Amino acid sequence: MQTRTSSFSSLISSLALPLFLAITFVPEISASVPRHDFVPIAESPTLTSPSASASATDFAAACYASPLPASSILPPSTDNRTVPWGTPSIIFPNGTTCCASLDDVRAGIDAVDDQILALLAQRAAYVREATRFKATRDTVDVPARDQQVIDGAVASAASVHLPATIAGAVFESIISANVPFEECVVSSL
20 MQTRTSSFSS LISSLALPLF LAITFVPEIS ASVPRHDFVP IAESPTLTSP SASASATDFA
80 AACYASPLPA SSILPPSTDN RTVPWGTPSI IFPNGTTCCA SLDDVRAGID AVDDQILALL
140 AQRAAYVREA TRFKATRDTV DVPARDQQVI DGAVASAASV HLPATIAGAV FESIISANVP
200 FEECVVSSL
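In our numbering, the protein residues as written are 20 to 208.
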């Protein structure tokens with residue numbers, strides 16, 4: 020697996036273990052951590068392509084492939100757009116759309132980030148649990164399994180309208196951050 024240095028990876032590396040340990044083992048913190056009611060996948064907002072009247076294809080479709088197209092293929096737009104431009108691409112289960120302002124977008128991103136942190140803590144709990152089935156530190160990192168997870172995320176990305184490059188980079192970072200955590204747990208036995 021190729022290791023990438025990124026601010027996301029650094030953030031996950033620096034927060035994953037302390038967050039997991041605090042939530043798991045410090046009762047007063049565990050009790051104060053907000054529990055999120057996750058929107059089931061079937062009820063999650065959907066992403067749509069622009070309406071047929073606006074365009075026959077999604078102008079950003081090429082940005083969901085991996086690798087991303089070279090900048091020479093997608094030259095920078097010289098349009099002077101009135102903000103907000105385009106039509107909303109997120110439709111909620113009740114039929115409303117997002118977003119009326121950049122503040123609405125940021126609030127949505129913050130809510131998703133809270134869910135991501137909660138899911139990362141849950142994933143870290145499973146990673147910790149996996150150590151019970153590993154006899155030595157040498158058995159912690161299994162590169163073939165790491166690549167299988169990354170490839171699976173990239174392959175599934177399109178089905179949830181996630182750019183493949185984001186799926187690959189995020190799962191590489193998650194695995195890169197979890198391996199040292201798992202090694203630490205195995206070594207502390």
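Beta carbons are placed, not taken as given, at the ideal position from N, Cα and C, and that holds for glycine. Being a predicted model, the structure only gives us computed values, none of them experimental.
Can you tell me which of the three DSSP states residue i falls into?
| i | result |
| --- | --- |
| Cys117 | strand |
| Gly171 | helix |
| Thr158 | helix |
| Thr101 | coil |
| Ser178 | helix |
| Thr43 | Residue placement at Thr43 is flagged as unreliable, the pLDDT there being 41, under the threshold of 50; the coordinate-derived value follows with that caveat. It is helical. |
Report yes if the C-beta distance between residue i and residue j is below 8 angstroms; otherwise report no.
| i | j | result |
| --- | --- | --- |
| Ala174 | Pro182 | no |
| Glu191 | Ile169 | yes |
| Arg156 | Val205 | yes |
| Ala186 | Ala172 | yes |
What span of residues does the alpha helix (DSSP H) with residue i cover, start to end?
| i | result |
| --- | --- |
| Thr184 | 183-206 |
Output needed for residue i: all residues of its chain with C-beta closer than 6 angstroms, excluding positions within five of it in sequence on either side, in chain order.
| i | result |
| --- | --- |
| Ala80 | none |
Apart from the five residues on each side of it in sequence, which residues of its chain come closer than 7 angstroms, Cβ to Cβ, to residue i?
| i | result |
| --- | --- |
| Pro107 | Thr116, Cys117, Cys118 |
| Ser85 | Val173, Ala183, Thr184, Gly187 |
Residues in the same chain with beta-carbon distance under 8 angstroms from residue i, minus the five sequence neighbours each way, listed in chain order, please.
| i | result |
| --- | --- |
| Ser70 | Bear in mind that a pLDDT of 38 at Ser70, under 50, signals an unreliable position, so the number given afterwards is only what the model happens to contain. Once the five neighbours on either side are set aside, the close Cβ partners of Ser70 are Thr106. |
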